[in-house]
Amino acid sequence: MLNFESVIGLEVHAQLKTRTKTFCGCSTQFGAAPNTNVCPVCLGLPGALPVLNKKVVEMAIMAGLAFHSQIQPVSVFARKNYFYPDLPKGYQISQYELPICTGGYMDIQTSEGTKRIGIKRVHIEEDAGKLVHQGADAIAGATSSLVDLNRACTPLIEIVSEPDLRSPEEARVYMETLREILVFIDICDGNMEEGSLRADANVSIRPKGAVPLGTRTEVKNLNSFRSVERAIKYEISRQTEVLKSGSKVIQQTRHYDDAAQKTQALREKEESHDYRYFPDPDLTPLRIHPEDIERIQKELPELPQIKRGRYQQSYGLGKFECDVILSDVNVMRYFETTAQKVEPVSVKELAKWIIGDLNALTKEARQSFSSIKVTPDHLIQLVTLIQSGKISGKIGKEVLSEVFKSGEDPERIIQRSGAVQISDTGALREIVDHIVMAHPEVIAKVKRGKTQSADFLIGQVMKKTKGMAKPDLARQMILEKIASL
Amino acid sequence: MKEIQKDLFFKSAIELSRLLREGQLTCTSLLDAFYAQIEQVDSSIKAFLRLEKNRAYEEADTINTRFQKGDALPPLAGIPIALKDNICVQNSQTTCGSKILENYISPYNATLVNKLKSHSLIPIGKTNMDEFAMGSSTENSAFYPTRNPWNSDYVPGGSSGGSCAAVAIGEAPLAIGSDTGGSIRQPASFCGVVGMKPTYGRVSRYGLVAFASSLDQMGPISRTVEDTAHLLNVICGHDPHDSTSSPASVPDFTAALHRGVQGLKIGVPSELFNESIQSKVKASLEQGLNRLKEGGATWEVIPLPVVEYAVPTYYIIAPAEASANLARFDGVRYGYRNKEAQTLKNMMKQSRGKGFGREVQRRIILGTYALSSGYYDAYYLKAQKVRTLIKEAFQKAFAKYDVIITPTSPTLPFRFGEHTQDPLSMYLADIATIPVNLAGLPALSIPCGFAKGLPIGMQLIGKAFDEETLLAAGHWFQTVTNFHKQTPNVISIGKKIKHQNSTLNK
């Protein structure tokens, strides 16, 4: 019985977070009224010409550097020709034979350990517009389609992996890792559901140990990491069945249906499209100088994998803590700002508060760490107060809530509400003495050897001091008092 | 005023400018004169597709006021100018001579148009052309053909036939055309006027409806080389809207006019000075060359064999680029859309099939084929390599010579219908002009003779960015010859056309 192995490659399109479009000055701002972020260039009006947005190039280089790719000193824009209503010029400006980045890799962590996935290339291209179908959700059954060209000409990078992935899980992890990197170097929002990150999968299977690749199918319409994994899983088992039944896998494009969790062929007979690529004569070859690459490399934010290592080494954080911190760029930034202000040994405790109580408060209030009122200084102040014994952990949580709401200094809140943990022995001793004397039966019990009975008195002290007494200190005082009687 | 009126429309722009400055004319009366001439002759010549009277008179008013105030105004202020209809003018129809854009109104101005306006020239209307600039006779206009003002049985050349005929017949002192394979120079030659294609990148292409992006350039059409130099000053310059626009500095082209031709070294490619050139054309050219020799220039015949490959190379590269440039005309957002079609594919097919003329469709198919999988290497890639060889051959020649001179056209102007049945024979009309576009060089066509009452043009080709040498030689030539001062017989035109109309097929 033949055992098959699956061979998977992913083509990912990432929307770049530039302010303006790839070849014109129109805004890329999402959510504008249809056809308002447009001009002759992105509308493809007769006579209009493209002019390259330098920021797009910078971001593409950043991506290439993050993937350890070769940044090509000369790359060429090419026209990819096809007709569709959302493609105003009847061609897409992309890159073909000479892309801006070639080669590279990305390491992923799977259940089997670290694996290096090759990157074939990264190139720049413009996005198409959007079709809004009327009368139905998709083209089938729609009465008409409205063309919105706000998105036309917005910048994309296409990242093509080598077919090094071997399982649906690996594909999902690849996507998650890729997303993390793009978000961290701040060039993409990385939101698959909103379309700022899109993936197509190329899937084939071959007998285990065989070298030549099997016939591959392209799977489209993957709108989440989960879809990526599920679609590929389905496709692998489908292809396995096909081969086992003695048939051949047909090279075709298949559409993933998340509701049904299966892939379907888009057309009966696949006509492979001839895009007639040729260098775009309206644009000059893109030349990149080593100085620019060096500068961008220097300015490149630290990659998440590097951060993980650093957090573990310097602060002793565990995997779970790293995951939570790195899951959100704003949490990460908050954490790092805080960590920089204290000694490394103090960081772990601060991390606990960040990923615990502060995270919970932020999530509940539907806010972002970039805009909460609790500043890193506030947090450090609070944790210092707790660690020095001035207030209890329990009080600390309440104070944090207060700071979260008002943005006031923890010290001031504590002073105002008199919540300073009473460790002032004088005042406490008075209270303790009074309470002990009020409970002769407890004194008797404790004297007989039942020290636990003192706990009741501790409770009373806490009640009297409105929870501000240090419990250990109160206990000690109670026992001392009883012993002295 | 009446005397001035009579030959006003055959004066050069600079002469008219002087009259304006001297107060002998107002901008408005100047417009009156030219619109009157258009009224008189254009029903026969049909150089114009549409006139912009309202706007022109508004502009004239504004500039009049400035003249009266004594404002310092640029040399060509107040001068009427005709624009080829593939140049975008804001809130104005821009049809490219095609049914597919018959009602298209551009929402923006070409950079060139903005430059004309900031120098106070007055666009007076849009001129006829071969559809999407594809043609050498203006017979491919979807609307009507333009007649050669020298003989209405003959074509004015193309694709800027309308612009050149308009200047030749005094409907405008200046015009702008576009040149991809000779479309300014050849019709200029056929119409006995001056036409120039500047170095590729000199003039912004933003707002010129693209035919072949790596070859297209707009350029001036005028009666004199002096006018050409002034107009070049207006339209040249780097444009951030055009990535192929050159950052090279723009000199004052008029400063070069009086250099003369002493010591000028002229090369004449043998391939364009042999039996492939009509004998009368060759004779005129030779006379012209000897005239230049009298001025102190030297000329000799040189081999330039790559010229033989220019036409095939061009007819792969230009249609290939055009096939992509014209893909935007799909009936979706603007232009003609076929409403009967029931599917998306058919809508696009029918809109393009009915909206584009035969020659345009022919070239789109040619270009698509040349780029298609399996043929790209053999055709497009190969053509680009040959193009490099052509560039290099010119560079080599320019190491020894200052200017290369050829006839602009291998033949005298031809009759209507003479080449319409055989596209290839039409393509060969551009054998002398095409190499220039492939090499990206500047070239000037000036009248250098007549035969059978039809004009002959001399083409001067220069080094990249060396328009000045061409202007100097052309201007000198015009100080010692009168070909550019000849004018077609206006009165007879009306009569002859009435008689001829019935014999014309289109």
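Read top to bottom, the protein sequences are chains A and G.
Numbering of the first sequence is given in this note's numbering, commencing with residue 1 and proceeding in unit increments.
Numbering of the second sequence is given in this note's numbering, commencing with residue 1001 and proceeding in unit increments.
Even for Gly, the Cβ is constructed at its ideal location relative to N, Cα and C.
Because the structure is a prediction, the values reported are computed rather than measured.
Does residue i pass the burial test, meaning 16 or more other C-beta atoms within 10 Å, or should it be called exposed?
| i | result |
| --- | --- |
| L1289/G | buried |
| M1001/G | Caution applies to M1001/G, whose pLDDT of 44 falls short of 50 and renders its modelled position unreliable; the model cannot decide the point. |
| T1503/G | Below a pLDDT of 50, predicted positions are generally treated as unreliable, and T1503/G, at 36, falls in that range; the measurement from the model is reported next regardless. That one is exposed. |
| G1177/G | buried |
| S227/A | buried |
| A360/A | exposed |
| K1046/G | buried |
| E948/G | Because chain G is modelled from 1001 through 1506, residue 948/G falls outside the range shown and cannot be assessed. |
| Q1459/G | buried |
| H289/A | exposed |
| R1387/G | buried |
| F320/A | exposed |
| R570/A | The question about residue 570/A has no answer here: the residues shown for chain A are numbered 1 through 485. |
| P207/A | exposed |
| A14/A | buried |
| L146/A | exposed |
| T1254/G | buried |
| G129/A | buried |
| T1199/G | buried |
| Q1486/G | exposed |
| G1207/G | buried |
| A1378/G | exposed |
| T1368/G | buried |
| E1058/G | exposed |
| Q1037/G | buried |
At 9 Å on the CB atoms, spell out the chain A contacts of residue i, in chain order.
| i | result |
| --- | --- |
| R1050/G | None at all; the shortest Cβ gap to chain A is about 17 Å. |
| D1242/G | L49, V51, D282 |
| Y1144/G | By Cβ distance, chain A contributes nothing, its closest Cβ being about 22 Å from Y1144/G, past 9 Å. |
| E1108/G | According to the sequence shown, residue 1108/G is Tyr rather than Glu. C39, P40, L45, G47, A48, listed in chain order. |
| M1129/G | Those do not exist, as M1129/G stays about 14 Å from chain A at its closest Cβ, beyond 9 Å. |
| T1094/G | P46, G47 |
So which of the options has the shortest CA-CA distance to residue i?
| i | options | result |
| --- | --- | --- |
| S1249/G | E1467/G, Q1486/G, T1487/G | E1467/G |
| D1179/G | I1456/G, A1036/G, L1441/G | L1441/G |
| N1437/G | R1415/G, G1462/G, P1447/G | G1462/G |
| E302/A | P376/A, E180/A, V203/A | E180/A |
| K80/A | A483/A, D274/A, K54/A | D274/A |
| K1354/G | Y1336/G, Y1369/G, N1103/G | Y1336/G |
| V7/A | Q239/A, K463/A, A136/A, I478/A | Q239/A |
| I1014/G | E1286/G, P1251/G, A1229/G, F1356/G | A1229/G |
So which residues on chain A does residue i lean against when the C-beta distance must stay under 8 Å?
| i | result |
| --- | --- |
| Y1206/G | G47, A48, L49 |
| S1373/G | D274, R276 |
| Y1380/G | F278 |
| L1344/G | P85 |
| V1209/G | P46, G47 |
Which bits of chain G does residue i rub up against, with CB to CB less than 7 Å?
| i | result |
| --- | --- |
| L16/A | The premise fails here: L16/A is roughly 19 Å from chain G at the closest Cβ pair, so nothing lies under 7 Å. |
Could you name the residues of chain G that residue i contacts, counting a contact when the two beta carbons are closer than 8 Å?
| i | result |
| --- | --- |
| Y486/A | A query on residue 486/A cannot be resolved here, the shown segment of chain A reaching from 1 to 485 and no further. |
| L43/A | R1333 |
| V19/A | Reading off the sequence, residue 19/A comes out as Arg, not Val. Here the premise fails: no neighbours, minimum Cβ distance about 18 Å. |
| R79/A | A1324 |
Can you give the beta carbon distance from residue i to residue j, rounded, assuming they're within the 8 Å contact cut?
| i | j | result |
| --- | --- | --- |
| I93/A | D323/A | Actually they are not in contact, since the Cβ atoms of I93/A and D323/A sit about 39 Å apart, beyond 8 Å. |
| G1267/G | A1397/G | 5 Å |
| I1446/G | G1453/G | About 19 Å; that fails the 8 Å criterion. |
| A1166/G | A1082/G | 5 Å |
| L1257/G | H1475/G | 4 Å |
Mind pulling the chain A residues with CB within less than 7 Å of residue i?
| i | result |
| --- | --- |
| E1321/G | P281 |
| V1436/G | Residues of chain A passing the Cβ test: none, with the nearest at roughly 17 Å. |
Show which residues of chain G have a CB atom less than 9 Å away from the CB atom of residue i.
| i | result |
| --- | --- |
| V147/A | V1332, R1333 |
Measure from the C-beta of residue i to each C-beta in chain B and report whether the shortest distance is under 8 Å.
| i | result |
| --- | --- |
| P155/A | Of the chains in the structure shown, none is chain B; the protein chains are A and G. |
Flag this pair as touching only if the region 1135-1147 of chain G and the region 1012-1025 of chain G have three or more C-beta atom pairs under 8 Å; answer yes or no. no
Under 8 Å, with one C-beta from each stretch per pair, do the region 1239-1248 of chain G and the region 78-88 of chain A reach the 3-pair mark? no
Given 8 Å as the limit, is there contact between the region 95-102 of chain A and the region 51-68 of chain A, that is, 3 or more CB pairs closer than that? yes
Would you call the region 42-59 of chain A in contact with the region 1106-1113 of chain G, where contact means no fewer than 3 C-beta pairs closer than 8 Å? yes
Contact between the region 373-385 of chain A and the region 329-349 of chain A is defined here as three or more beta-carbon pairs at a separation below 8 Å; is this criterion met? yes
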